[in-house]
Amino acid sequence: LVVLIYYSKRGNNILEVLLSAALFISNVGYYFLSTTRTVDTAFIANALAYLGGIFLPFIVMLKLAELSKSKIPEWFTFTMAAINVLLYFTVMLSERYTFYYADVIFDPGPPAALITTPGPFYYVRFIILGVEMALSIFFTVLTYTGKRKASFRTMILFVGMMFLTFVVYIFEHITRMRYEALPLFYLICSVMLNYSSKKIALYDVTLSVQEKIDEVNNYAYIAFDRNYNFMEIGRASCRERV
90 LVVLIYYSKR GNNILEVLLS AALFISNVGY YFLSTTRTVD TAFIANALAY
140 LGGIFLPFIV MLKLAELSKS KIPEWFTFTM AAINVLLYFT VMLSERYTFY
190 YADVIFDPGP PAALITTPGP FYYVRFIILG VEMALSIFFT VLTYTGKRKA
240 SFRTMILFVG MMFLTFVVYI FEHITRMRYE ALPLFYLICS VMLNYSSKKI
290 ALYDVTLSVQ EKIDEVNNYA YIAFDRNYNF MEIGRASCRE RV
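Position 35 (the sequence shown) corresponds to 124 in my numbering; numbering is contiguous.
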């Protein structure tokens, strides 16, 4: 998370920081859920663990749209964000209401766990997840076919992270695993995300040029095109002379 904050200062990419933060908070939630001895703490820890499960696909979708320079209508982004927030609130309030879980049983373990029965909003989450995954794959296909100029390897890294997270989640529920595998996978995703962000920041030509301009901001400059036609002059320098 600290590494991504550093690179976000260079590239102003808040999506990668949000993604890493969601993964980190989710792992903290899984840890507290496995070690808790009270029902109240278990519900709080479960809500923290679900932060990544609900918001990770949405953030990845936005990141892939940004990388491929694809435009998502603002009303659609707002609607998807609102639905995800609503879903997260149903998880947070699952101790009192049966919107997300129809029934919950606390198993003190070790490790401690919540044995749940799906409610109506539990299935709504999979519908939203399907939309987010479909759009993410669509943006990646556009890049692969050359209709969008972006790094296909970076795109496939994010899509793979989303898809494998879903596969691990389904595998856990089908096999009824006693120990959660998602926290370890989230940790692997965080390392991959840090590595990817470092490469993006290193090879971002636009960012490098902007940094160089910031370094020489106190100097006057005159810009010409390749035919030596005048383009612009550093206005800040002109004001200083006046």
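Glycine included, every Cβ here is placed at the ideal spot set by N, Cα and C.
Coarse secondary structure for residue i, derived from DSSP in three states
{"i": "E329", "result": "Reliability fails at E329, whose pLDDT of 43 lies under 50, so the model's placement of it is uncertain and the value that follows must be treated cautiously. Three-state result, E329: helix."}
{"i": "T206", "result": "strand"}
{"i": "D192", "result": "strand"}
{"i": "S109", "result": "helix"}
{"i": "I172", "result": "helix"}
{"i": "A312", "result": "strand"}
{"i": "S97", "result": "Legend: pLDDT at S97 = 44, less than 50; position of this residue unreliable, value from coordinates given subsequently. The answer is helix: DSSP assigns S97 an H, G or I state."}
{"i": "A290", "result": "Annotation note: pLDDT 49 at A290 (below 50); position unreliable, coordinate value reported separately. Helix at A290."}
{"i": "R126", "result": "coil"}
{"i": "A138", "result": "helix"}
{"i": "S115", "result": "helix"}
{"i": "A131", "result": "helix"}
{"i": "Y186", "result": "coil"}
{"i": "I161", "result": "coil"}
{"i": "S240", "result": "coil"}
N-terminal and C-terminal residue of the alpha helix (DSSP H) that residue i is part of
{"i": "Y268", "result": "Element bounds for Y268: n/a, residue is neither H nor E."}
Closer than 7 Å to chain C by CB, residue i
{"i": "V257", "result": "Although the question refers to chain C, the structure presented lacks it and comprises just one protein chain."}
Supposed close pair residue i, residue j - CB separation, criterion 8 Å
{"i": "R237", "j": "K158", "result": "6 Å"}
{"i": "M222", "j": "M251", "result": "6 Å"}
Those residues which DSSP pairs with residue i across a bridge
{"i": "F319", "result": "F313"}
- Task: Mind the definition here: the region 185-194 touches the region 202-210 only if three or more C-beta pairs lie below 8 Å; say whether that holds.
- Result: yes
- If we count Cβ pairs, one from each stretch, closer than 8 Å, do we get three or more for the region 112-127 versus the region 173-188? no
- How do the region 264-274 and the region 155-175 stand: do at least 3 beta-carbon pairs fall below 8 Å, yes or no? no
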